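A.B. asks: To start, I am sharing the structure in question, which I have written as structure tokens.
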Amino acid sequence: MLAALVGALWPTLAPGVTARVVKDGAVLDGDQAALLFPRQGVLAALLAAAGLVQAVLLFPRHRRSGAAVAVTVAVGGLVGALLSWRIGVLLGPDPVGSLKGLAVGTRLEVPLRVDAWGVLSLWAVAALVVVLLLNAWLDDPPARPARHRADAATGPG
């Protein structure tokens, strides 16, 4: 459900980028190319926020599970990021399969895409960092071994 929300928010919050049809294809106008990076930045921020939400929701329930909660948020984060990406692409601007038949000068919205594939790992990384921090902060300190009185009376060695 969180992946669907992130996937739906990405096309809504990402800046629109338009291309103009020319004789041999389509080109981005000068200032439009600068908006391609912020589109991926919006996805990165949404995925990191989703990782934070996932970790905060799962950690209290599975706190005593040990490594299982870390594996769960990592795998869930990767799957969630992939689903978010695909949903965002489907809900975003339609890709144009062929520019043939379109008049020169026609403006098209450029479809969403991910060029920096590391962005898709942000959900898992953010969730893991939050789980590890919560675990370190909220975990009980290790118990000290009890010293026996006989050891204290005889002294060292």
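Per the working numbering, the very first residue in the sequence shown carries number 6; after that it's consecutive.
Using N, Cα and C, we set each Cβ at its ideal position, and we do this for glycine too.
Please read all numbers here as calculations on a predicted model, not as lab measurements.
Under 8 Å, do Val26 and Gly110 count as touching if we go by C-beta distance?
C.D. replies: yes
A.B. asks: Would you list the one or two residues that DSSP bridges to Leu33?
C.D. replies: Ala24
A.B. asks: Helix, strand or coil for Arg118? Go by DSSP, reduced to three states.
C.D. replies: coil
A.B. asks: I'd like the span of the alpha helix (DSSP H) that includes Arg91, first residue to last.
C.D. replies: Ala72 to Leu96
A.B. asks: Which residue wins for smallest C-alpha separation from Leu117, given the options Ala72, Pro150 and Ile92?
C.D. replies: Ile92
A.B. asks: Could you please give the first and the last residue of the uninterrupted alpha helix (DSSP H) stretch that includes Gly12?
C.D. replies: Leu7 to Leu18
A.B. asks: Indicate whether the contact test is met: 3 or more Cβ pairs, each with one atom in the stretch 42-62 and one in the stretch 117-127, closer than 8 Å.
C.D. replies: yes
A.B. asks: Any idea if Trp90 is buried or exposed, counting beta-carbon neighbours within 10 angstroms, 16 or more meaning buried?
C.D. replies: Buried, since its Cβ has 16 or more Cβ neighbours within 10 Å.
A.B. asks: Rounded to a whole number of angstroms, what is the C-alpha to C-alpha distance between Ala73 and Gln45?
C.D. replies: For Ala73 and Gln45, the gap between their C-alpha atoms comes out near 31 Å.
A.B. asks: Determine, using beta carbons only, whether Leu133 and Ala79 come nearer to each other than 8 Å.
C.D. replies: yes
A.B. asks: Use the C-beta contact count for Pro16: other C-beta atoms within 10 angstroms, 16 or more gives buried, fewer gives exposed.
C.D. replies: buried
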